[in-house]
Ligand code: SAM
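In the working numbering, the protein residues as written are 999 to 1366.
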């Protein structure tokens, strides 16, 4: 294993980057979400696979090397990127994950999201290599349900629980439990999950995630987010709002519960500060869009990485966008004499159900 990540930057270094990179909507990019492999040991019924097209069992050869990953992060850090989250596939499938962590520049936070099955044995070495904390995906505490949702063999849930314990012991805290809510499957388990995390006294946080029904077959599992948020707010002694995606945190009976509500949510997109990188080395401006990727594998120098980084940031667009912004865009396009295109776009746009009236870019794009 290479030398450990050399520590946290001074406050001045974080606050005074060379320059922040902002997209055409004024959203600064301060975080990277890096998929380091498409391979996974689970096959969750709902998995969006970080927006990657194709299956989760591709060849290893296309995966980015630790050198490329660290070169990208080093360049991004010069422009104010201070948080990196590793994902996959299952990031712990990478035997060189510790090497990747060890060559990173100093950052404010380095985290990973894992299904936790392989975590028990790796928690300590990952921490030593520079990982600050983990998210562990855990949708249920009932073994049969866990196996049905994830396709995992019997005994796997136990491994995940041991992985969580090891992560807490190793100091990969706060550990966030990612629980994707599935109507009729696990939406009755929120309270038991809260009881599960209570003994960890704040070292484990529950993160409830709204299902992204990327496949119409999943729609039947979609929960009523508004009703859930209302009930969380009623039970909470305190509600905090995080900058990232404007996520709400509820403190309920001393337990911290966060709600991630990405669907049809223009506020979520308006506060998005992340750029994604696919396992095969492409900047990905949005989880839900695949026709604007920027290939960074061929970059031969830090300058080339910077150029591609800027290009990717310039391609960032909020996927869900408030009508107000769409109208501004329309005015700009009109000035360029493209009214017809815009009228067609607006005509085709689906109005969102929620009160803040947003349009879906997915609708727009599918009609272009
Ligand atoms: N294997 C790792 C894990 O299990 O955390 C990393 C990859 S997984 C794609 C990353 C996160 O995305 C998990 O917490 C998972 O629950 C979440 N996720 C995947 N598909 C989703 C969907 N359709 N809706 C909401 N969250 C989803």
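Built from N, CA and C at the ideal position, the CB exists for glycine as well.
In this chain, the beta strand (DSSP E) harbouring residue 1135 covers 1131-1135. Look at residue 1177 here: in three-state DSSP terms it is strand. Per DSSP, the unbroken alpha helix (DSSP H) holding residue 1144 starts and ends at 1141-1148.
Distance from the C-beta of residue 1044 to the nearest heavy atom of ligand 1 is below 8 Å. Between residue 1071 and residue 1124, the gap from beta carbon to beta carbon reaches 9 Å or more.
Excluding the 5 residues flanking it on each side, residue 1235 has same chain C-beta neighbours closer than 6 Å at 1249, in chain order. Placement of the Cβ of residue 1260 at a distance of less than 8 Å from at least one heavy atom of ligand 1 is found. Between the segment 1043-1052 and the segment 1275-1292, the count of Cβ pairs shorter than 8 Å is three or higher; the stretches touch.
A distance below 9 Å separates the beta carbons of residue 1139 and residue 1194. Between residue 1241 and residue 1091, the alpha-carbon positions lie close to 31 Å from each other. Secondary structure of residue 1091 (DSSP, three-state): helix. In terms of side-chain proximity, the C-beta atom of residue 1104 is found no nearer than 8 Å to any non-hydrogen atom of ligand 1. The beta carbons of residue 1095 and residue 1103 sit about 17 Å from each other, so the pair does not count as a contact at 8 Å.
According to the DSSP assignment, residue 1254 belongs to the beta strand (DSSP E) that extends over 1253-1258. With contacts defined by Cβ atoms closer than 9 Å, residue 1301 and residue 1077 do not form a contacting pair. For residue 1215, the three-state secondary structure derived from DSSP is helix.
Under DSSP, residue 1032 takes part in a beta bridge, and its partners are 1084, 1275.
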